[in-house]
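Colleague: Sequence lines, in order, name chains A and B.
Numbering follows my numbering, with no gaps: position 59 of the first sequence is 59.
Numbering follows my numbering, with no gaps: position 162 of the second sequence is 627.
Number of protein chains: 2
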Amino acid sequence: MTIYDKVRKAITEYQLVQDGELILAAVSGGPDSLAMLEILYELKDEFNYQLHVVHLNHKLRKEAKDEAEFVRQFAKSHEIPATILEYDIPALLKEEGGSVQDKAREVRYRLFNRVAEKVGATKIALGHHADDLAETVLMRFLRGAGLEGLVGFTARSRGNLIRPLIYVTREEIEAFCDEKGLTPCYDPSNAKPVYLRNRIRLKLIPMLEEEYNPNLRQQLVQMAHLLEEENLILEEYVSRIFENVLIKEEPEVLSFDLNVMSKKKPAILRRILRLGMEKLKGDKKDFYYQHYIKMQELILQGSPGKMVYLPDGYILYKGYKMLRLGKKEEILNQSLRQYTLTIPGETYLEESDLLIKAEVKEGQVLVKKDQAALDADLLGTALLIRSRKPGDWFYPLGLKGKKKLKDFLIDEKVDRFERNLIPIVTTLDGQIVWVAGYRVDDRFKVTPKTQKTCILTILKGGIKR
Amino acid sequence: MTIYDKVRKAITEYQLVQDGELILAAVSGGPDSLAMLEILYELKDEFNYQLHVVHLNHKLRKEAKDEAEFVRQFAKSHEIPATILEYDIPALLKEEGGSVQDKAREVRYRLFNRVAEKVGATKIALGHHADDLAETVLMRFLRGAGLEGLVGFTARSRGNLIRPLIYVTREEIEAFCDEKGLTPCYDPSNAKPVYLRNRIRLKLIPMLEEEYNPNLRQQLVQMAHLLEEENLILEEYVSRIFENVLIKEEPEVLSFDLNVMSKKKPAILRRILRLGMEKLKGDKKDFYYQHYIKMQELILQGSPGKMVYLPDGYILYKGYKMLRLGKKEEILNQSLRQYTLTIPGETYLEESDLLIKAEVKEGQVLVKKDQAALDADLLGTALLIRSRKPGDWFYPLGLKGKKKLKDFLIDEKVDRFERNLIPIVTTLDGQIVWVAGYRVDDRFKVTPKTQKTCILTILKGGIKR
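#1: Hey, could you find the ends of the beta strand (DSSP E) Y309 (chain A) is sitting in?
#2: Buried or exposed, going by whether 16 or more other CB atoms sit within 10 Å of the CB of G305 (chain A)?
#3: Against chain A, does R930 (chain B) count as a neighbour if the rule is that its beta carbon must be under 9 Å from one of theirs?
#4: Go through its chain and collect everything with a Cβ distance to V911 (chain B)'s Cβ below 8 Å, but skip five positions before and after it.
#5: Are N57 (chain A) and I84 (chain A) closer than 9 Å when you measure CB to CB?
#6: Determine the chain B residues that contact E329 (chain A) at a beta-carbon separation under 8 Å, and present them in chain order.
#7: So the alpha helix (DSSP H) V572 (chain B) belongs to, where does it begin and stop?
#8: Closest to G624 (chain B) by CA distance: which of B:D596, B:I631, B:A590, B:A599 is it?
#9: Nearest chain B C-beta to Y289 (chain A) closer than 9 Å, yes or no?
#10: So what's R386 (chain A) in DSSP terms, helix, strand or just coil?
#11: Which residues in chain B sit within 8 Å of R143 (chain A), going by Cβ to Cβ distance?
#12: Use the C-beta contact count for K645 (chain B): other C-beta atoms within 10 angstroms, 16 or more gives buried, fewer gives exposed.
#13: What is the DSSP secondary structure of F859 (chain B), counted as helix, strand or coil?
#14: Identify the contact partners of M466 (chain B) in chain A, using a Cβ-Cβ distance below 7 Å as the criterion.
#15: Check whether the Cβ atoms of E46 (chain A) and R8 (chain A) sit closer than 9 Å, and answer yes or no.
#16: Under the assumption that L489 (chain B) contacts K588 (chain B) (Cβ atoms under 8 Å), give the Cβ distance between them as a whole number of angstroms.
#17: Could you tell me whether any Cβ in chain B is nearer than 9 Å to the Cβ of Y14 (chain A)?
#18: I385 (chain A) versus chain B: which residues are under 9 Å apart at the beta carbon?
#19: So with Cβ pairs under 9 Å, would you call K826 (chain B) a contact of chain A?
#20: Note down the Cα distance separating A823 (chain B) from I920 (chain B), rounded to an integer number of angstroms.
#21: Check whether the segment 771–790 of chain B touches the segment 749–763 of chain B, counting contact only when three or more Cβ pairs, one atom from each stretch, lie closer than 8 Å.
#22: If you follow the beta strand (DSSP E) that D429 (chain A) is in, where does it begin and where does it stop?
#23: Any contact of the segment 594–605 of chain B with the segment 626–642 of chain B, i.e. 3+ C-beta pairs under 8 Å?
#24: Nearest by alpha-carbon distance to Y574 (chain B): which of B:S622, B:P855, B:I897, B:L502 is it?
#25: Leaving out five residues before and five after V308 (chain A) in sequence, what residues of the same chain have Cβ atoms less than 6 Å from its Cβ?
#26: Residue range of the alpha helix (DSSP H) that Q290 (chain A) falls in?
#27: With burial defined as no fewer than 16 other Cβ atoms inside 10 Å of the residue's Cβ, what is the status of W434 (chain A): buried or exposed?
#28: Ends of the alpha helix (DSSP H) at F408 (chain A)?
#29: Is DSSP giving G345 (chain A) helix, strand or coil here?
#30: With 16 as the cutoff for other CB atoms within 10 Å, does K464 (chain A) come out buried or exposed?
#31: With distance defined between alpha-carbon atoms, name the residue in A:A436, A:V107, A:F256 nearest to V414 (chain A).
#32: Starting from C454 (chain A), trace the beta strand (DSSP E) both ways and give me its first and last residue.
#33: Please list the partners that P193 (chain A) has in chain B, where partner means a Cβ-to-Cβ separation under 7 Å.
#34: Start and end of the alpha helix (DSSP H) containing M501 (chain B)?
#35: Please confirm if A75 (chain A) has its CB atom under 9 Å from at least one CB of chain B.
#36: By Cβ distance, which residues of its chain are closer than 7 Å to S352 (chain A), with the 5 residues on each side in sequence left out?
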């Protein structure tokens, strides 16, 4: 297969381009991206797409300015419109710290996406090739990655990134550049065996090919494709399960059915959570194996009300019948909207995953924990349920006197995060009759004079779907 | 975790033993199997199982006899019954050739299984530990394995093999032997860096841990467990699909619904075929990636009647609506049992995946390819359909005269393997009226005198489930 055939194969197999599409080609000026641009340029009419070049002058090396100029000229000579960006990455590093390579990549993708949007490009083409893939797979393997990690990267990922050179080797790219008289810029940092990737490329792979398997790179690429297919099946399978366990989707919080989740196999559980994080964050960055293991433990063994802290301010919160994944503040500062509870009747409080039931019985009735017995004749036909409000007060049964709700909850040692989710049951004109689950108001208690008792019951996880 | 806790963990997590079970412990006398035996012995009452030791004197080294004696004594001192086997592997190698390690393993498993059956053991315990697993995973990775390969081995595989030391490292085993005063036999061939596994253990892993990842072994073991879980999900998922695409299961041949199979994703297709081979052979040995790729190509692009040759005399045969996987002779020498076809009526010939239909129309009717027009009044109320028999003859239309069926089929260039599956349609008293799909008999043809035409039609892949 020629280098063109390999690019054609990638384009067709992975449907990299659509008719009439505008492709943003990310060109550093190095051999990979230059060869990619040249080939994409030559196949333009065959597949009917347009090109726009983007280059970032990252100011990381003294040659950076010349490289930008080189790319501008190259695009011009091919009559391809180009956007040349500048970003002071050294300055950013000084300010924020972090690894050069990570920061540069982060900035690059963010800016390229912005350019794509501006010029109307629907794909961003990257110059990654088969050897890059083999190196990535080996690097991930040495770190002990899971299936997804071992897939490396694919010809098409995160929707708009495409890699037309995925089947092409570095050797083929170099031969192509020679043959076409292309004179790419070489990044001297690629030749320094200080970065892990460079050491893998320059030392480890040659050694392994010499002593263990002469076809290593080829076979790692084949392995990556195989694993990609396997992973795809798992992804599809799990995304169907995901839809079944997801009860509610808010912008910052996903709620899952705990009962169903806790019956899933570990690997499925982890993939559901991963998919959830991806939905919330747009990526799975900074989430590692141990986070998933902790979440798994919480789901299978933790008690309700417990949570796992995750990177970037996310948590997984275990309720009675619900699991909530999302931003900590969103989950924990959630308060109840106002509900009306007719007597008799029941109402499900979605935010705290509780069901409150009101029944009426003749005479004076004894109740259990999680129940309140009130004098029905003092209540009227309905009650209101809401979250606590500043200034709330009531007459806690047994305390003889009025007390601020806030002080009461502090005395009861209710976790700060839990307070907003406690249902405050009031009369229609706003008098608190029950701090649900905690204390009845003295004014509405059952007395020897009570003729009918209103029994309020909390059902934890009284889920309604 | 102590070494005992790690063994307990493996036993519990993978349900390695059942109450009252007899375990056959395979003991070479080396540190791994000796430590395993000692630990299994000490945990015997806790998990309530019995032990029986098995050892194979493979006659490969001069120390082999002493090792056998050592194991016998060790078992005796623990009052564990032991079976010491002898097998002249050098002689076998002389005769059959092959690699020492492969042959020794093959003989070992076969003999151990036999002993297990004889003494009533339901599991065979092997001394493989975490470092063995890491080495296996690395070895497979260097060969470019797929997901299943990268899983390495599991704590419980092929039903009766268990590996209680899967969480234990070599270092822990050595410390345990020291502490318990166990004096294992050391196999000098383990120290020679000539075998691939030894080179990986003695050279590659230490180098990678020194230069790339100090926790490599640990993380490879963790990776293997992760991939095992992912693989398990895929296996379950595919085995459900398998049941849906499998139309017929004979001892040597599996028949699949071609239409459904050809719509499956490559990775699923390959796993279905793999599962099929496992069902047929009991293992997947000798089946490699390229075999699955060839099968995939046949299914997706091959024409009906084509086949892929597989190791050990197996083939995959593509019919019209069926795929057949199994022993070549079974698939290709299959013949039709006798069917009765009433007129009018239809009958499905399972073995050749064809439906034959008989209709009657007034007058003389013209027919298409794959149809026969016969004089209905000459046929009676029913026909028989069967495979060719030795001595068959008929009067092929257009040839003027009698011809041996065998010669006719040779002249028609029908593949030898296809001949048995051609439906031979005869009258109830045995006269051939149609060699279905090839030629009508002159005696039963439609003539100007014909009043009613019997039209016979072959429907390829006239599948009935």
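Just so it is clear, CB atoms sit at the ideal spot from N, CA and C, and this is done for glycine as well.
Source: prediction; values computed, not measured.
Modeller: In terms of the structure at hand:
#1: For the purposes of this step, residue 309 (chain A) is taken as the residue at position 309 of the first sequence. Y309 (chain A) -> beta strand (DSSP E) spans 307–309.
#2: Position 305 of the first sequence holds residue 305 (chain A). So G305 (chain A) ends up on the exposed side.
#3: Taking the second sequence and counting its residues from 1, the one referred to as residue 930 (chain B) is at position 465. Low local confidence applies: a pLDDT of 37 at R930 (chain B) is under 50, so the model's placement there is unreliable, and no value is given.
#4: On the second sequence, residue 911 (chain B) is found 446 positions in, with the first residue counted as 1. So the list reads Q829, V830, A838, L839, D840, T918, once near-sequence residues are dropped.
#5: In the first sequence, residue 57 (chain A) corresponds to position 57, counting from 1. In the first sequence, residue 84 (chain A) corresponds to position 84, counting from 1. In contact: N57 (chain A) and I84 (chain A) (Cβ atoms closer than 9 Å).
#6: Start at 1 with the first residue of the first sequence, and residue 329 (chain A) comes out as number 329. Correct list: empty, because the minimum Cβ distance to chain B is about 32 Å.
#7: Sequence index remark: in the second sequence, residue 572 (chain B) carries index 107 (1-based). Run containing V572 (chain B): 565–584, per the alpha helix (DSSP H) assignment.
#8: Here residue 624 (chain B) is taken as the residue at index 159 of the second sequence, counted from 1. The shortest Cα separation from G624 (chain B) among B:D596, B:I631, B:A590, B:A599 belongs to B:A590.
#9: As a working mapping, residue 289 (chain A) is identified with position 289 in the first sequence. Yes, Y289 (chain A) lies at the interface with chain B (some Cβ there is under 9 Å from its Cβ).
#10: As a position in the first sequence, residue 386 (chain A) is number 386, starting the count at 1. In the structure shown, R386 (chain A) sits in a strand (DSSP, three-state: E or B).
#11: The residue labelled residue 143 (chain A) in the question sits at position 143 within the first sequence. Listed by position along chain B, the residues whose Cβ is nearer than 8 Å to that of R143 (chain A) are N678, Q684.
#12: The residue you call residue 645 (chain B) lines up with position 180 of the second sequence. Its Cβ having fewer than 16 others within 10 Å, K645 (chain B) is exposed.
#13: As a first step, residue 859 (chain B) is located in the second sequence; it is residue number 394 there, counting from the start. In this structure, F859 (chain B) counts as strand in the three-state DSSP scheme.
#14: Stepping through the second sequence from its first residue, residue 466 (chain B) is reached at position 1. Under the 7 Å cutoff, chain A gives no residues; its nearest Cβ is about 16 Å from M466 (chain B).
#15: Within the first sequence, numbered from 1, the residue matching residue 46 (chain A) stands at position 46. Within the first sequence, numbered from 1, the residue matching residue 8 (chain A) stands at position 8. For the 9 Å CB-CB criterion, E46 (chain A) and R8 (chain A) form a contact.
#16: Within the second sequence, residue 489 (chain B) is the residue found at index 24, counting from 1. Within the second sequence, residue 588 (chain B) is the residue found at index 123, counting from 1. Indeed, because the Cβ distance is near 7 Å, the residues count as touching under 8 Å.
#17: By one-based count along the first sequence, residue 14 (chain A) stands at place 14. Cβ-Cβ to chain B under 9 Å: no for Y14 (chain A).
#18: On the first sequence, position 385 is the one that residue 385 (chain A) refers to. Near I385 (chain A) there are no residues of chain B at all, since even the closest Cβ is about 42 Å away, more than 9 Å.
#19: Walking along the second sequence from the start, residue 826 (chain B) turns up at place 361. At a cut-off of 9 Å between beta carbons, K826 (chain B) makes no contact with chain A.
#20: For this step, residue 823 (chain B) is matched to residue 358 along the second sequence. For this step, residue 920 (chain B) is matched to residue 455 along the second sequence. Taking the straight line from one Cα to the other gives about 6 Å.
#21: Counting Cβ pairs under 8 Å, three or more are found: they touch.
#22: Locating residue 429 (chain A) in the first sequence gives position 429, counting from the first residue. Counting along the chain, D429 (chain A) falls outside any beta strand (DSSP E), and DSSP gives it neither H nor E.
#23: yes
#24: Walking along the second sequence from the start, residue 574 (chain B) turns up at place 109. When each option's Cα is compared against that of Y574 (chain B), the closest is B:S622.
#25: Position 308 of the first sequence, counting from 1, holds the residue named residue 308 (chain A). Excluding positions up to five away in sequence, the list reads K294, M295, L298, L316.
#26: Walking along the first sequence from the start, residue 290 (chain A) turns up at place 290. It spans 289–301 - the alpha helix (DSSP H) in which Q290 (chain A) sits, taken as one unbroken run.
#27: Here residue 434 (chain A) refers to the residue found at position 434 when the first sequence is read from its first residue. Label assigned to W434 (chain A): buried.
#28: In the first sequence, counting from the first residue as 1, residue 408 (chain A) sits at position 408. 405–411 is the extent of the alpha helix (DSSP H) around F408 (chain A).
#29: Sequence index remark: in the first sequence, residue 345 (chain A) carries index 345 (1-based). For G345 (chain A), the three-state secondary structure derived from DSSP is strand.
#30: Against the first sequence, residue 464 (chain A) aligns to sequence position 464. Bear in mind that the predicted position of K464 (chain A) carries a pLDDT of just 42, short of 50, making it unreliable; the figure below should be weighed with that in mind. Burial call: exposed.
#31: Taking the first sequence and counting its residues from 1, the one referred to as residue 414 (chain A) is at position 414. Among A:A436, A:V107, A:F256, the Cα nearest to that of V414 (chain A) is on A:A436.
#32: For the purposes of this step, residue 454 (chain A) is identified with residue 454 of the first sequence, where counting begins at 1. In the DSSP assignment, C454 (chain A) falls within the beta strand (DSSP E) that extends over 452–460.
#33: Numbered from 1 along the first sequence, position 193 holds the residue referred to as residue 193 (chain A). Neighbours of P193 (chain A) on chain B: none; closest Cβ ~11 Å, over 7 Å.
#34: Taking the second sequence and counting its residues from 1, the one referred to as residue 501 (chain B) is at position 36. Its alpha helix (DSSP H) spans residues 496–507.
#35: For the purposes of this step, residue 75 (chain A) is identified with residue 75 of the first sequence, where counting begins at 1. So, not an interface residue.
#36: Mapped onto the first sequence, residue 352 (chain A) falls at position 352. Around S352 (chain A): L336, L421, P423.
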